[in-house]
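In what follows, a single structure is set out as structure tokens and then discussed.
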């Protein structure tokens, strides 16, 4: 989620960066909401201070037998208490609105990222190796599924719906071996530490890694509010 302080400090730069992503400017609306929220917080703090002062004076008025002042101060304390509660509630609602707006904003591109409306604007930065040239027309992966055993989309769809595949035999072994090769290479050659973490996490973890709310429809939530992790970064 974006830091509201960065938007306060340079709203024009924030909007300009969003424009590079094809997004409309939002800093004015966000800062207006932020200003209202901060005003409610300050008003609540001021009302709380008045309540505290009046609370101290109530005892003094009672001690000196000033009944009228005692009743006035007691009523003032009650009024300020209600005012503080109302202002704090409004501030929390505004804070939730602000958080919602910030979480839906896309990440800002780095300054050296080339601009482009679509993939036609992509710029090749570097290349490793030489692309293979085949003396035949390579098949797409979904075409292989119909021509070779071991890759079955139709059965997977009947089992679990779309976006799944059923692998068997040699292809399943290759799939497992590739994953193991990747892990062993990074651990043995690059000094990484292998971590086997939970596959179910709380919503806060999904928000903290940018999966929610933007990718909620593409993720899987359990009936008790936990989420299946979509990637290891969560």
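Numbering (our numbering), first residue to last: 18 to 251. Beta carbons: idealized from backbone N, C-alpha and C, even for Gly. Note that the structure is predicted; figures quoted are calculated from it, not measured.
Mind checking which residues open and close the alpha helix (DSSP H) that includes residue i?
i	result
residue 192	186-207
residue 222	220-225
residue 112	84-121
residue 44	44-80
residue 28	28-37
Which residue wins for smallest C-alpha separation from residue i, given the options the options?
i	options	result
residue 119	238, 227, 236	227
residue 126	22, 40, 21, 93	40
residue 222	20, 244, 201	244
Suppose the cutoff is 7 Å on Cβ atoms and the five residues either side in sequence are ignored; what does the same chain contact list for residue i look like?
i	result
residue 100	64
residue 133	139
residue 123	38, 40
residue 249	none
residue 209	203
residue 258	This structure gives no information on residue 258, because the portion of the chain shown stretches from 18 to 251.
residue 10	Residue coverage of the chain in this structure runs from 18 to 251, which leaves residue 10 outside it and unanswerable.
residue 91	75
residue 98	68
Excluding the five sequence neighbours on either side, which residues of its own chain have a C-beta within less than 8 Å of the C-beta of residue i, listed in chain order?
i	result
residue 230	117, 120, 121, 224
Output needed for residue i: all residues of its chain with C-beta closer than 6 Å, excluding positions within five of it in sequence on either side, in chain order.
i	result
residue 162	168, 170
residue 240	none
In the DSSP output, which residue or residues are listed as bridge partners for residue i?
i	result
residue 169	183
residue 250	In DSSP, residue 250 forms no bridge with anything.
residue 238	244
residue 217	245
When the Cβ atoms of the stretch 28-45 are set against those of the stretch 79-87, are three or more pairs found closer than 8 Å? no
Taking contact to mean at least 3 C-beta pairs separated by less than 8 Å, is the stretch 53-73 in contact with the stretch 142-155? no
Counting pairs of beta carbons, one from the stretch 43-54 and one from the stretch 104-116, are three or more of them closer than 8 Å? yes
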